[in-house]
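Protein chains in written order, with the working numbering: chain A, 952 to 1201; chain B, 6 to 325.
And the structure:
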């Protein structure tokens, strides 16, 4: 599904990532973990087209997508969420998800201004679709709330609903459990599994070890910008190098 | 949907009935300009209030429409109804091309670039004397005619201009509530999140810049034909600031807010005749006061005041 090969990123002399490669298989939940400063978020920003890497390539479903801007990647079926949720704060919860349907609709400036019949039909379809995703994550009750006023946990769910509205085949989640309490984290784990059940491949960066070990099929460990290990949760837990990196030895 | 239609009908009734209250007085003439300014404020609001991109050069686009119409009709004798859409198209395309490099800029840099653009256009109006008449202006622009009726009185012009303005209001309200309007607001709130969801922020910003310029050009053409005389002074930096003030005072991201902003800022000078030289100071003070005390503009600030002071205490349920 997603093949990342030989990614190197140098920020003004500082090597943030060095020759990082991994593969996320279709239908899997793949976790990317590592201590602070390991380069996890940088890797995500490169894969999602926000940064341009110094070298290396990204393939999505066998297609070369290296360096494509995020809006192109969205149309190719890849979407991401952010560690500090990036909601459209002045818009309602419903409208936030409706923006997620942008690539699934096409009425332009003129059709929308002149209320062309097809644009009215499309608007109805967008609204229904958005409602479906609000229901999927369980926040239909907040549909008309201004997104900026949502509590953090619900904001997180909204961001996921909005990403799902793009109908991606691959979703990248940057620390989805950050800022959530233990109950919300449990609910998130089951939500991620329900997302996988829809046939969507999930790649997540996460600090919450319990969550990662529970739900991931495969785990990639980064440390100081390099890939330290890759394997099943059990293999990772038993890997002496990983243990050393996390305990700060060596 | 129904609520929006009702709002628009109320707006229409107010607009159509307003001349009855003024019975051909001098104020009727001012109300013609309120209509033109409403169009301009809406055009700028689509860019500034929705997409969150500032322009300090909109008076320039307004002027381009006015001069294109003025020169082609007065000097070359073309049909005004032909020139008007043509001018809007040309100005729109021009803005589209300028938008490619300029809209890559953000914040202060975008403000400076559009400021420069406005000043360049202003200088062109002043310096191309053979074409524009230079600082002394261009006269002899014909009034518009429809089926033998010439729009040469304030009352006729009022209904002409406000017909255009009403159509612009209707279209802008529709646009604002559509997927395009949502994409614009999304870019305003978080450009990176909008892009990740598949919104092509770069193109959509350029499109709305071009649309905004084209509407401004249309307003300019109408201005030229109602005034029959134009000079560069009407299209300078001061007027760009005035437009900005209308948008902010009315309410960023509210189409009807732009209408209220245009009404207030166009009528205000008429009541401040004695203070004429200080008008820019008064605009500045108003702008500061609004940003400090009513950042949402009149359309949001007045209902908020109402809820706070006039509604019986204890009944409010606390939400902002």
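Using N, Cα and C, we set each Cβ at its ideal position, and we do this for glycine too.
Chain B residues whose Cβ lies nearer than 7 Å to that of residue 1040/A:
194
If you draw a straight line from the alpha carbon of residue 196/B to that of residue 80/B, how long is it in whole angstroms?
46 Å
Just checking my contact of residue 211/B with residue 101/B at CB under 8 Å: how many whole Å lie between their CB atoms?
6 Å
Is the shortest distance between the beta-carbon of residue 180/B and the beta-carbons of chain A less than 9 Å?
yes
Interface flag, residue 953/A vs chain B, CB-CB below 9 Å
no
By the 8 Å beta-carbon criterion, what residues does the region 155-187 of chain B contribute toward chain A?
176, 177, 179, 180, 183, 184, 185, 186, 187
Excluding sequence positions up to five away, which residues of its chain have a Cβ less than 7 Å from the Cβ of residue 283/B?
none
Could you tell me which residues DSSP pairs with residue 954/A in its beta bridges?
974/A, 1010/A
Extent of the continuous alpha helix (DSSP H) to which residue 46/B belongs
31-50
How far does the alpha helix (DSSP H) with residue 225/B in it reach, from first residue to last?
206-232
For residue 1097/A: DSSP bridge partner residues:
1043/A
Indicate the three-state DSSP secondary structure (helix, strand or coil) for residue 1118/A in the structure shown.
coil
Check for me: the beta strand (DSSP E) holding residue 1181/A runs from which residue to which?
1177-1182
Check whether chain A comes within 9 Å of residue 256/B, counting only Cβ atoms and requiring the distance to be less than that.
no
Let me check one thing: in DSSP terms, what residues is residue 1173/A bridge-paired to?
1178/A
Please report whether the beta-carbon of residue 1066/A lies at a distance below 9 Å from any beta-carbon of chain B.
yes
Figure out for me which residue from 140/B, 185/B, 58/B has the closest Cα to the Cα of residue 1057/A.
185/B
If contact is defined by three or more beta carbon pairs under 8 Å, each pair taking one atom from either stretch, is the region 1040-1056 of chain A in contact with the region 1108-1120 of chain A?
yes
So residue 96/B packs on residue 122/B, CB below 8 Å; how close in whole Å?
Not a contact, Cβ separation roughly 12 Å.
For the 8 Å Cβ check, are there 3 or more pairs between the region 26-34 of chain B and the region 157-177 of chain B?
yes
Quick check on DSSP: helix, strand or coil for residue 92/B?
helix
Measure the C-alpha to C-alpha separation of residue 975/A and residue 952/A and round it to an integer number of angstroms.
6 Å
So does the region 1061-1073 of chain A actually touch the region 172-187 of chain B, counting three or more Cβ pairs closer than 8 Å?
yes
Where the region 1014-1027 of chain A meets chain B: residues whose CB sits under 9 Å from a CB there:
1020, 1021, 1022, 1023, 1024, 1025, 1026
Please identify the residue among 995/A, 973/A, 990/A whose C-alpha is closest to the C-alpha of residue 201/B.
995/A
Evaluate residue 199/B with the Cβ neighbour count: other Cβ atoms within 10 Å of its Cβ, from every protein chain shown; 16 or more gives buried, anything less gives exposed.
buried
Could you tell me whether the region 1186-1195 of chain A touches the region 1001-1019 of chain A, where touching means 3 or more Cβ pairs closer than 8 Å?
no
Helix, strand or coil, according to DSSP, for residue 1049/A in the structure here?
helix
Among the residues of its own chain, which have a CB less than 7 Å from the CB of residue 1144/A, if the five just before and after it don't count?
1166
Interface partners of residue 1117/A on chain B, CB under 7 Å
202, 203
Confirm, please, whether the CB-CB distance from residue 219/B to residue 23/B is below 9 Å.
no
Going along the chain, which residues of its own chain have a beta-carbon closer than 8 Å to the beta-carbon of residue 1039/A, five neighbours each way excluded?
1046, 1047, 1050, 1098
Can you tell me the Cα-Cα spacing of residue 2/B and residue 271/B, whole angstroms?
Shown here, chain B extends from 6 to 325; a query on residue 2/B therefore has no answer.
What residues of chain A sit near residue 191/B, judged by a beta carbon separation below 9 Å?
1039, 1042, 1046, 1047, 1050, 1053
Is there contact here, the region 114-133 of chain B with the region 241-249 of chain B, by at least three beta-carbon pairs under 8 Å?
yes
Counting only beta-carbon separations shorter than 9 Å, does residue 1059/A have a partner in chain B?
yes
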